[in-house]
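> Per my numbering: the sequence shown = residues 1 to 272. Input: one structure, supplied below.
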Amino acid sequence: RFQEVGDTRLAYRRFGKEGAPPLVCLQHFTGRMDNWDPIHTNRLALDRPVVLVDYRGVGRSSGETPDSMQGMGRDIIAFIRALDVKQADIFGFSIGGMVAQQIALDAPELVRRLILAGTGPSGGEGMASFSPKVQEIFTRLKDKPAERALELFFSPSSESQAAGKAWISRILARQTDREPPASPQTAVAQLVALTMWGHVTGERYGSLKNIQQRTLIVNGHDDIMVPTMNSFILQQKLPNARLILYPDSGHGSHFQFAGEFAEAAARFLAAD
């Protein structure tokens, strides 16, 4: 489906049980809706509408990707308002979790609950730039994207790597009607957004006290992309946050423990 938002058109998919607040899902760096784990989306869709939406300039969404979390957030705020619902829940992974925080700050009345996976606060620890290790993996142009994802999202152990390969198989299972890959413009814009988000401005973490929504934070034991320390910071600074850390895992811990995470997320969203 497509939704007109100002001067652009955002591509999205909506499925699941109607009646509950929709769960709007926001993707990682250069990610598009094809990258969502069907174990998560299918489980959560049993209880509520699941809405996968691509940022401006990503997939089949028109326009150019904004180079700030605020810019991406403005589009998603307008998108949620166009859904004509009182409130939505937001599930943000990596950059998606940063955009989700920005939305909760800029339009708190639209957000009921937050799920923040593999992400961190503005001005977080080690977030102004990727580590040399992560940068080296990104520049291995001879490696296939799936090979880079296994190193970036999962730990080096055989168990974690096997779980990563299973995740890749799941997201590649559907070969029809797939979204086009992210453009170089999207990658550059999102890198600028990440750099801006990572720098400390004003009172460090001061805005987090204003995110009053019930929040579930999820990460792996050693996230090399958004250091795991930032998940502790979010839990300590957000007024109403819970934290799950999975063992022997990294940035994609919720993919590695897909079924366990899906049930935890479903319980969190359904709880009174």
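Every residue gets a Cβ at the ideal spot worked out from N, C-alpha and C, and that includes glycine.
If I measure Cβ to Cβ from His39 and keep anything under 8 Å in the same chain, skipping five residues before and after, which residues do I get?
Your numbering for residue 39 matches position 39 in the sequence shown. Checking the sequence shown, residue 39 turns out to be Ile, not His. So the list reads Arg170, Ala258, Gly259 and Ala262, once near-sequence residues are dropped.
> In the DSSP assignment, what residue or residues form a beta bridge with Phe93?
On the sequence shown, residue 93 is found 93 positions in, with the first residue counted as 1. Paired residue(s): Ala117.
> Which same chain residues, not among the five before or five after Ala100, have their C-beta less than 7 Å away from its C-beta?
For the purposes of this step, residue 100 is taken as residue 100 along the sequence shown, with counting starting at 1. If we look at Ala100 and ignore the five residues flanking it on each side, its Cβ neighbours are Leu26, Ile90, Gly92, Leu114 and Leu116.
> I'd like the span of the alpha helix (DSSP H) that includes Phe153, first residue to last.
Position 153 of the sequence shown holds residue 153. It spans Pro145 to Phe153 - the alpha helix (DSSP H) in which Phe153 sits, taken as one unbroken run.
> Quick one: give me the first and last residue of the beta strand (DSSP E) that Asn219 is part of.
As a working mapping, residue 219 is identified with position 219 in the sequence shown. Arg214 to Gly220 is the span of the beta strand (DSSP E), which, as asked, contains Asn219.
> Checking the sheet assignment: what are the DSSP bridge partners for Val300?
Residue 300 lies beyond the residue range present for the chain, which begins at 1 and ends at 272; the question has no answer from this structure.
> Can you tell me where the alpha helix (DSSP H) with Gln3 in it begins and where it stops?
To locate residue 3, count along the sequence shown from 1; it is residue 3. That residue, Gln3, is in no alpha helix (DSSP H); its beta strand (DSSP E) goes Phe2 to Val5.
> Under 8 Å, with one C-beta from each stretch per pair, do the segment 206-217 and the segment 58-78 reach the 3-pair mark?
no
> Over what stretch of residues does the beta strand (DSSP E) that includes Arg242 continue unbroken?
Along the sequence shown, read from residue 1 onward, the residue named residue 242 stands at position 242. Segment Ala241 to Tyr246, the beta strand (DSSP E) holding Arg242.
> Whole angstroms is fine: what's the gap from Val24's alpha carbon to Ser94's?
On the sequence shown, residue 24 is found 24 positions in, with the first residue counted as 1. On the sequence shown, residue 94 is found 94 positions in, with the first residue counted as 1. Looking at the two C-alpha atoms, the distance is approximately 15 Å.
> Using the Cα positions of Met33 and Ser62, report the straight-line distance between them to the nearest angstrom.
For the purposes of this step, residue 33 is taken as residue 33 along the sequence shown, with counting starting at 1. For the purposes of this step, residue 62 is taken as residue 62 along the sequence shown, with counting starting at 1. About 15 Å.
> Return the CA-CA distance between His251 and Gly6, expressed in angstroms with no decimal places.
Within the sequence shown, residue 251 is the residue found at index 251, counting from 1. Within the sequence shown, residue 6 is the residue found at index 6, counting from 1. Computed Cα separation, rounded: 33 Å.
> Would Pro22 pass as a contact of Val53 if the rule is Cβ separation under 8 Å?
Position 22 of the sequence shown holds residue 22. Position 53 of the sequence shown holds residue 53. For Pro22 and Val53, no; Cβs fall outside 8 Å.
> Verify whether the separation of the beta carbon atoms of Gly155 and Ser249 is less than 8 Å.
On the sequence shown, position 155 is the one that residue 155 refers to. On the sequence shown, position 249 is the one that residue 249 refers to. Looking at the sequence shown, residue 155 is not Gly but Ser. By the CB criterion at 8 Å, Ser155 and Ser249 fall inside the cutoff.
> Measure the Cβ-Cβ separation of Ala182 and Ser68 and say whether it is below 8 Å.
Position 182 of the sequence shown, counting from 1, holds the residue named residue 182. Position 68 of the sequence shown, counting from 1, holds the residue named residue 68. Taking 8 Å as the Cβ cut-off, Ala182 and Ser68 do not qualify as a contacting pair.
> Short of 7 Å in beta carbon distance, which residues of its chain neighbour His195, apart from the five on each side in sequence? Order them along the chain.
Counting from 1 along the sequence shown, the entry for residue 195 is found at position 195. Looking at the sequence itself, residue 195 is Thr, so the reference to His does not match. Here Thr195 has Ala128 and Ser129 as same chain residues with Cβ atoms under 7 Å from its own Cβ, once five neighbours each way along the sequence are excluded.
> Assuming Ala207 contacts Ser122 (C-beta within less than 8 Å), just tell me the rounded distance between them.
Within the sequence shown, numbered from 1, the residue matching residue 207 stands at position 207. Within the sequence shown, numbered from 1, the residue matching residue 122 stands at position 122. According to the sequence provided, residue 207 is Ser. The question's Ala does not apply to it. The beta carbons of Ser207 and Ser122 sit about 7 Å from each other, so the pair counts as a contact at 8 Å.
> Name the DSSP bridge partner or partners of Ala271?
Taking the sequence shown and counting its residues from 1, the one referred to as residue 271 is at position 271. In the DSSP output, where bridge partners are listed per residue, Ala271 has none listed.
> Please go through the same chain and pick out, in chain order, the residues whose beta-carbon is closer than 7 Å to the beta-carbon of Tyr274, but skip the five residues on each side of it.
Coverage of the chain is limited to positions 1 through 272, which leaves residue 274 absent and any answer about it impossible.
> Could you tell me which residues DSSP pairs with Val111 in its beta bridges?
Residue numbering aside, residue 111 sits at position 111 when the sequence shown is read from its first letter. Answer is Ala88.
> For Thr8, name the three-state secondary structure that DSSP assigns.
Start at 1 with the first residue of the sequence shown, and residue 8 comes out as number 8. Looking at Thr8 - three-state DSSP - the assignment turns out to be strand.
> DSSP three-state label for Asp67, please.
Locating residue 67 in the sequence shown gives position 67, where the first residue counts as 1. Asp67: coil per DSSP, three-state reduction.
> Could you tell me the alpha carbon to alpha carbon distance between Asp37 and Ala173, rounded to whole angstroms?
Along the sequence shown, one-based indexing puts residue 37 at 37. Along the sequence shown, one-based indexing puts residue 173 at 173. Their backbone Cα atoms lie some 11 Å apart in a straight line.
> How far does the alpha helix (DSSP H) with Ile233 in it extend, from its first residue to its last?
Residue 233 sits at position 233 when you count from the first residue of the sequence shown. Where Ile233 is concerned, the enclosing alpha helix (DSSP H) stretches over Met229 to Lys237.
> From Pro49, Arg14, Leu10 and Gly31, pick the residue whose C-alpha is nearest to that of Ala275; which is it?
No information on residue 275 is available, as it lies outside the stretch 1 to 272 that the chain covers here.
> On a CA-only basis, which of Gly57, Arg9, Gly19 and Asp47 is nearest Ala189? Give me that one, please.
The count along the sequence shown starts at 1 and reaches residue 189 at position 189. Nearest C-alpha to Ala189: Gly57.
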